[in-house]
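*Asks:* Convert by adding 87 to the 1-based position in the sequence shown; the result is the number in this note's numbering.
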Amino acid sequence: MSVQIDTLVSVRRHLDLFSGIGGFALAAKWAGFETVAFCEIEEFPRKVLEKNFPGVPIHRDIRYLDGSEYAGVELITGGYPCQPFSTAGHQKGVQDHRHLWPEMLRIIEQARPSWVVAENVSGHITNGLDSVLHDLEGTGYTTRSVVIPAGAVGARHRRERCWIVAHRQSNGRHEGWANKGWGREGNAPRQEQRPGDVFSDIWELPLEAQFCGGAHGIPDRVDRLTALGNAIVPQVAYQILRCLRAH
88 MSVQIDTLVS VRRHLDLFSG IGGFALAAKW AGFETVAFCE IEEFPRKVLE KNFPGVPIHR
148 DIRYLDGSEY AGVELITGGY PCQPFSTAGH QKGVQDHRHL WPEMLRIIEQ ARPSWVVAEN
208 VSGHITNGLD SVLHDLEGTG YTTRSVVIPA GAVGARHRRE RCWIVAHRQS NGRHEGWANK
268 GWGREGNAPR QEQRPGDVFS DIWELPLEAQ FCGGAHGIPD RVDRLTALGN AIVPQVAYQI
328 LRCLRAH
């Protein structure tokens, strides 16, 4: 696989919620967004974020994050906890104490980004997705959802995930997705190259090594594998974000 980094002049800001080890931030970097803050409660992923994104603030608990501090960011992303919807769990949905979508919605309402991209397990489609889309549309966003497997970008595992994309309506008017170029190649100038800076040599590595280094025979193996299991596939997110960045 190869990747292209968008090279538009303007910088668009990105707030990453439920950040994990930074999959969305990596994809955002490739697509030309600047991640201005993270929100992640688990200690091991926080260490990974501190190492790979030095100087970027990391909020600990989304329940205490004031979204108005990031009013006007172009993009908010988040893989809100999947346990309430996963077929591997009890599928309690909104009754699960780990159901934190309402907190992400609160941040979106406070910050009012132009775009929202969220990710969850495919089981979310029949358990809670309608409510999420209804919430976003009720606060002034046009929404689309799609299932994209990791195999779609050449990964060696299926890993089907539900991706939600929402665009803020402008001046109360519904802006059609066709006018935004969704699903087609944008017209923004791009430069063919590999990711630069700290990620310059990682694109061809296995996903496990990309984020956390080798996991065999080293400390924190369980933490590393847990973090990887919860991570998004950044190559999939990149394909979505590059379309948004062009508009």
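The beta-carbon is built from N, C-alpha and C at its ideal position, and this holds for glycine as well. Nothing here was measured: the structure is a model prediction, and the numbers come from that model.
Starting from Ser232, follow its DSSP beta bridges and name the residues at the other end.
*Replies:* Ile251
*Asks:* Just to confirm the assignment: which complete beta strand (DSSP E) runs, minimum length 3, are found wholly within the region 196-241?
*Replies:* If we require 3 residues or more, the beta strand (DSSP E) runs fully inside the region 196-241 come out as 202-208 and 228-235.
*Asks:* Shortest alpha-carbon distance to Asp148 belongs to which of Val320, Glu130, Val240 and Arg329?
*Replies:* Glu130
*Asks:* Between Arg329, Ala324 and Ala124, which lies nearest to Asn207 when the distance is taken from Cα to Cα?
*Replies:* The candidate whose alpha carbon is nearest that of Asn207 is Ala324.
*Asks:* If you run the structure through DSSP and keep just helix, strand and coil, what is His101?
*Replies:* Correct three-state label for His101: strand.
*Asks:* Buried or exposed, going by whether 16 or more other CB atoms sit within 10 Å of the CB of Leu95?
*Replies:* Reliability of the predicted coordinates at Leu95 is poor, the pLDDT of 47 falling under 50, and no value is obtained from them.
*Asks:* Excluding sequence positions up to five away, which residues of its chain have a Cβ less than 7 Å from the Cβ of Ala239?
*Replies:* Val323
*Asks:* Can you tell me whether DSSP reads Val323 as helix, strand or coil?
*Replies:* Correct three-state label for Val323: helix.
*Asks:* Ordered along the chain, which non-local residues of its own chain (more than five positions away) have a Cβ less than 6 Å from that of Arg99?
*Replies:* For Arg99, where only same-chain residues beyond five positions count, the Cβ hits under 6 Å are Phe120 and Glu161.
*Asks:* Straight-line CA distance for Arg199 to Phe125?
*Replies:* 17 Å
*Asks:* Since Ser218 and His254 are thought to touch, with beta carbons under 8 Å apart, how far apart are those beta carbons, to the nearest angstrom?
*Replies:* With a Cβ gap of about 19 Å, Ser218 and His254 do not count as contacting.
*Asks:* Determine the DSSP secondary structure at Ile145, reduced to helix, strand or coil.
*Replies:* strand
*Asks:* Take Ile251 and list the residues in its own chain whose beta-carbon comes closer than 8 Å to its own, dropping the five residues that flank it on each side.
*Replies:* Within its own chain, the residues whose Cβ lies closer than 8 Å to the Cβ of Ile251, once the five positions on either side in sequence are excluded, are Val203, Val204, Ala205, Glu206, Asn207, Leu216, Val219, Leu220, Leu223, Thr230, Arg231 and Ser232, listed in chain order.
*Asks:* Indicate the three-state DSSP secondary structure (helix, strand or coil) for Glu121 in the structure shown.
*Replies:* strand
*Asks:* Is the beta carbon of Gly154 sitting closer than 8 Å to the one on Ile194?
*Replies:* yes
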